[in-house]
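Enquirer:
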Amino acid sequence: MGDSSFEEELRAALSEQAWSAAIDSLATHWVALTQTNQALLLEVINALPAEVLADNPRLVAAKTYVNYLPVSGDRRPLRFQHRVAPVPRGLLDILVDLTSRSVSSRFQGNMAEAVALVREAHVMIADVSDEAIASIRPVLPDIRLQWAITLELGGELIDANRAYERTFDEALTFDNERIVTEAAGSLALNYALSGNRGVAEQWLSRQPGAGRETRVGPAEATAVDTVLTAGALARALLAVNDLRFEDAQEALDAAPSADIDRESWAFRLFVESALARASGQTQQQLARVGATLSTQPERLRSSGLNGWLSTMAVAELQLALGDIGSATQTMSQLDGVTLPAAIDPVRLVRAWAALRQGDARGALVLAAPGLSQTLISPRITVELLVLVAAAKLELGQIEEARGHFAAAIDLVASEKLGIVLLRLTASEQATLLSKHRPALEPRMLRELDSRTSAVTAPPAVHLSERERVVFRHLVQRRSVAAIAAAEHLSPNTIKTQLKSIYRKLDVNDRDGAIRVATTAPHLLA
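Sequential numbering of the sequence shown, starting at 1, is according to UniProt numbering.
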């Protein structure tokens, strides 16, 4: 298909070096160019002479932005870097400068600085009259989208969602389908991450082309468009929660790769890890996570939402492997990190770790208060109910356990949250699920039957206080003589206590006892 009339005029202005006409056309048709002809936009903006850029400060940042777009898969910088422009002269110049500086700080992992610059931009635009804003409204969605991304990666999730909503509304007004697509997809992903499937699906339905293959402009121009990433990851995560692994992988494959969308790496890592845990590829994924983290600068992988997502992904994988000690240590990296929720996922993972260490009462202390809270998502509610049921079962409170589990099953079926049931050990699943199998789809039951948790219930062993002391010496591979000297006891007394420990642990020697300690560290408490 041939060029539209404005594209022909823009090419003519470029050919004639009529820079004023070219700049006016860029401003007027910015949205259309970003959606349908990014290659022409790139060609024109890179042709602007230095003196023209000096007279139009906002075009310096615009040039950096356009050159960062993945046009036709061309090579581009690994990270967005702000280019110092002449002193901004007008409102748009100032907003673009603040946004460019914020994005650059974001790419460097300076999240506090990036968020502060966005706050400054918000204050500035709030004090401007509607008349002053009217002329720049068509390009505001592009700017607002970057503000929303910064707030999100900075961990300001509530403000980020509000920013995405406003971006969506303004982009819709000006038929900016690229920005509509990313804003709706980002909201869907955030709600999917928080466990609110219904709202996530609503936002996915608002994306252009919902219900059919998503396209934003010509296929050759948008096959790698980063605006598609968030929606694809949201679809993948919702499919994982429903134990639809092929659908999840298909959605992941449809998303632009991490080489194209370089800021989505932690989101992708989290979703891929959820899929690996649920589909039985946990060990392999833990290795992949390590490889991915090694490619990210320390500041990027440890700060803001990226740090939270990558830490949670690692801890969940370790927990699924039954390495409770490592999972607990990994979770300690999130000490002091809070989310705007009464019961957050970090607290839940800690509660599951406590349960798997044999501390059912400690798990209840962490989890039970959430059962009376409002404003928590269906996913969190299901996690709480299943966790409390498993803890009650461990404590021998069978009827209470079954009551909590019955409430959980209703939500598992309606909200498609079969992944939570994979937390259960085989014996827990056999006890709790047997009466409720008809409530679940046969497909989900097949997955549950083939993929129960790798974690086993801690052994029902009761060591005396003195035996625990000796056991701690034992796992440190101290000799009988060394233990006896440290505890001021005779070697024969230590040998007697070791025999009792081996009998209770059902092992024959020191190595067997140490293996038990790695899966049941609560015995060392």
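We put the CB at the ideal spot given by N, CA and C, even for glycine.
Less than 8 Å separating the beta-carbons of Arg288 and Glu316?
Expert: Residue 288 sits at position 288 when you count from the first residue of the sequence shown. Residue 316 sits at position 316 when you count from the first residue of the sequence shown. Not in contact: Arg288 and Glu316 (Cβ atoms no closer than 8 Å).
Enquirer: Confirm, please, whether the CB-CB distance from Leu228 to Phe267 is below 8 Å.
Expert: On the sequence shown, residue 267 is found 267 positions in, with the first residue counted as 1. On the sequence shown, residue 228 is found 228 positions in, with the first residue counted as 1. It is not a contact, given that the beta carbons lie outside the stated cut-off.
Enquirer: What residues in its chain sit with their C-beta under 7 Å from that of Pro297, if we drop five residues either side in the sequence?
Expert: Taking the first residue of the sequence shown as 1, we reach residue 297 at position 297. Hits under 7 Å: Gly109.
Enquirer: Taking the straight line between their C-alpha atoms, what separation do you get for Gln397 and Ala390?
Expert: Reading the sequence shown from its first residue, position 397 is the one you call residue 397. Reading the sequence shown from its first residue, position 390 is the one you call residue 390. Near 10 Å, if we compare the C-alpha coordinates of Ala390 and Gln397.
Enquirer: Can you check which of these residues, Lys392, Gln373, Glu263, is closest to Leu153 by C-alpha distance?
Expert: Your numbering for residue 153 matches position 153 in the sequence shown. For the set Lys392, Gln373, Glu263, the Cα lying nearest the Cα of Leu153 is the one of Glu263.
Enquirer: For a quick check, are the C-beta atoms of Pro378 and Gly195 less than 8 Å apart?
Expert: Residue 378 sits at position 378 when you count from the first residue of the sequence shown. Residue 195 sits at position 195 when you count from the first residue of the sequence shown. Yes, they are a contact pair.
Enquirer: What are the start and end residues of the alpha helix (DSSP H) that includes Asp175?
Expert: Residue 175 sits at position 175 when you count from the first residue of the sequence shown. First-last for Asp175: undefined, no H or E at that position.
Enquirer: Return the CA-CA distance between Ile483 and Leu505, expressed in angstroms with no decimal places.
Expert: Looking up residue 483 in the sequence shown gives position 483. Looking up residue 505 in the sequence shown gives position 505. Using only the alpha carbons, I get a separation of about 19 Å.
Enquirer: Quick check for students: name the residue ranges of the alpha helix (DSSP H) that lie wholly in the stretch 408 to 476, counting only runs of 4 or more.
Expert: If we require 4 residues or more, the alpha helix (DSSP H) runs fully inside the stretch 408 to 476 come out as 426 to 433, 442 to 450, 465 to 475.
Enquirer: When DSSP labels each residue in this structure, what does Gln318 get in the three-state scheme?
Expert: Locating residue 318 in the sequence shown gives position 318, counting from the first residue. Helix.
Enquirer: Taking 7 Å as the limit between beta carbons, can you name the residues of its chain near Glu272, skipping five residues before and five after?
Expert: Walking along the sequence shown from the start, residue 272 turns up at place 272. Excluding sequence neighbours, Glu272 sits near Leu252, Gln285.
Enquirer: For Arg119, which option in Ile133, Arg466, Leu98, Ala50 has the closest C-alpha, if you only look at C-alpha atoms?
Expert: If you number the sequence shown from 1, residue 119 lands on position 119. With distances taken between Cα atoms, Arg119 lies closest to Leu98.
Enquirer: Three or more C-beta pairs closer than 8 Å, one from the stretch 135 to 150 and one from the stretch 163 to 182: is that the case here?
Expert: yes
Enquirer: Do you know how far the Cα of Ile501 is from the Cα of His462?
Expert: Taking the first residue of the sequence shown as position 1, residue 462 is located at position 462. Taking the first residue of the sequence shown as position 1, residue 501 is located at position 501. When rounded, the distance between both Cα atoms is 10 Å.
Enquirer: Please return the same chain residues whose Cβ sits closer than 8 Å to the Cβ of Val480, not counting the five positions on each side in sequence.
Expert: By one-based count along the sequence shown, residue 480 stands at place 480. Pro491, Ile494, Lys495, Leu498.
Enquirer: Span of the alpha helix (DSSP H) holding Pro57?
Expert: Stepping through the sequence shown from its first residue, residue 57 is reached at position 57. Per DSSP, Pro57 lies in no alpha helix (DSSP H) and is assigned neither H nor E.
Enquirer: Report yes if the CB atom of Asp159 is closer than 8 Å to the CB atom of Leu172, and no otherwise.
Expert: Counted from its first residue, the sequence shown places residue 159 at position 159. Counted from its first residue, the sequence shown places residue 172 at position 172. Contact flag unset, no.
Enquirer: Who are the near neighbours of Glu415 in its chain, counting only those whose CB is closer than 6 Å to its CB and skipping five residues on each side?
Expert: Taking the first residue of the sequence shown as position 1, residue 415 is located at position 415. Result list for Glu415: Arg197, Pro378, in chain order.
Enquirer: Among Thr295, Trp265, Asp247, which residue has its Cα nearest to the Cα of Leu275?
Expert: Taking the sequence shown and counting its residues from 1, the one referred to as residue 275 is at position 275. Checked all of Thr295, Trp265, Asp247; the closest Cα to Leu275 is Asp247.
Enquirer: Taking the Cβ atom as the reference point for each residue, do Phe386 and Leu364 lie within a distance shorter than 8 Å?
Expert: The sequence position of residue 386 within the sequence shown is 386, counting from 1. The sequence position of residue 364 within the sequence shown is 364, counting from 1. Just to set this straight, residue 386 is Val in the shown sequence, not Phe. No; because the gap between Cβ atoms is not below 8 Å, this pair is not in contact.
Enquirer: Output the boundary residues of the alpha helix (DSSP H) element that contains Gly380.
Expert: Locating residue 380 in the sequence shown gives position 380, counting from the first residue. In the sequence under discussion, the amino acid at residue 380 is Ile, which differs from the Gly named in the question. It spans 378 to 394 - the alpha helix (DSSP H) in which Ile380 sits, taken as one unbroken run.
Enquirer: Do you know whose CA, among Ser4, Thr282, Ser434, Ile324, lies nearest Arg451's CA?
Expert: Start at 1 with the first residue of the sequence shown, and residue 451 comes out as number 451. When only C-alpha atoms are compared, the closest one is Thr282.
Enquirer: To the nearest angstrom, how far is the alpha carbon of Ile125 from that of Arg162?
Expert: Stepping through the sequence shown from its first residue, residue 125 is reached at position 125. Stepping through the sequence shown from its first residue, residue 162 is reached at position 162. If you take the alpha carbons of Ile125 and Arg162, they lie about 16 Å apart.
Enquirer: Within a Cβ cutoff of 6 Å, which residues of the same chain sit near Ala327, ignoring the five residues on either side of it in sequence?
Expert: Counting from 1 along the sequence shown, the entry for residue 327 is found at position 327. For Ala327, where only same-chain residues beyond five positions count, the Cβ hits under 6 Å are Ala315, Gln318, Leu319, Ala353.
Enquirer: Between the Cα of Val103 and the Cα atoms of Ala61, Gly325, Glu131, Val128, which residue gives the shortest distance?
Expert: As a working note, residue 103 is residue 103 in the sequence shown. It is Ala61 whose Cα lies nearest to the Cα of Val103.
Enquirer: Report buried or exposed for Glu447, applying the criterion of at least 16 other Cβ atoms within 10 angstroms of its Cβ.
Expert: Here residue 447 is taken as the residue at index 447 of the sequence shown, counted from 1. Buried, since its Cβ has 16 or more Cβ neighbours within 10 Å.
Enquirer: Measuring straight from C-alpha to C-alpha, what distance separates Tyr191 and Ala200?
Expert: Numbered from 1 along the sequence shown, position 191 holds the residue referred to as residue 191. Numbered from 1 along the sequence shown, position 200 holds the residue referred to as residue 200. Near 5 Å, if we compare the C-alpha coordinates of Ala200 and Tyr191.
Enquirer: Starting from the C-beta of Ile343, find all residues in its chain whose C-beta is less than 8 Å away, skip the five residues before and the five after it, and write them out in chain order.
Expert: Sequence index remark: in the sequence shown, residue 343 carries index 343 (1-based). With a pLDDT of 47 at Ile343, under the threshold of 50, the modelled position of this residue cannot be trusted, and the question is left open.
Enquirer: Hey, would you say the C-beta of Gly396 is under 7 Å away from at least one heavy atom of the ligand NAP?
Expert: The ligand content of the structure shown is nil, which means the ligand NAP is not present either.
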